[in-house]
Amino acid sequence: MLAVPGRWRPLLLAATLLAAIASSAGTVPSREELQEKSSKELKAILKSRGAKCRKCLEKEDLIDRVVVTWEWSAVEAVSPDGKVKMTRDQFTKTFQSSFKKHLSDQRTTRIQADDDSGHQLATEDEEEEDED
1 MLAVPGRWRP LLLAATLLAA IASSAGTVPS REELQEKSSK ELKAILKSRG AKCRKCLEKE
61 DLIDRVVVTW EWSAVEAVSP DGKVKMTRDQ FTKTFQSSFK KHLSDQRTTR IQADDDSGHQ
121 LATEDEEEED ED
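Numbering-wise (my numbering), the sequence shown opens with residue 1 and increments by one.
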């Protein structure tokens, strides 16, 4: 597994979730493919798109609703390991704050580097040593 420095983990997670959101809207799966899924999985698909199906009593009702709502953009994305769930708004806020912190850290590093570089004025003790 790839080792990722701590400061890049939020960005990597955000990119993974963005990819999951983008890939979730593809071609509509066939009814046969949806039939192979459990009712729980079908409900999870609906939930990820922000859709509900209160009148769905049978699996066929869930499949019909998934087909109708498939083109809706996903409201929630799940990380590949299933441990992290994030809405689009949470993703955007996390990404923005992470990027702002990254820029702030870069500015701080640049300012410290500028302070350390350049010529230093000699102190009186150093001037006396140079005269001797």
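Ideal Cβ placement from N, Cα and C applies to all residues, glycine included. Remember, predicted model here, so these are calculated numbers, not experimental data.
Determine the extent of the alpha helix (DSSP H) in which residue i is found, giving its start and end residues.
i   : result
K43 : S39 to S48
T87 : Taken as a continuous stretch (DSSP letters only), T87 belongs to no alpha helix (DSSP H), being part of the beta strand (DSSP E) at K85 to T87.
K59 : K59 to T69
R31 : R31 to E36
Excluding sequence positions up to five away, which residues of its chain have a Cβ less than 7 Å from the Cβ of residue i?
i   : result
C53 : L46, D61, L62 and R65
Could you pull out every residue in the same chain whose Cβ sits closer than 6 Å to the Cβ of residue i, ignoring the five residues on either side in sequence?
i   : result
T69 : R49 and A51
Just to confirm before moving on: does the CB-CB distance between residue i and residue j stay below 8 Å?
i   : j   : result
V75 : K85 : no
S39 : K55 : no
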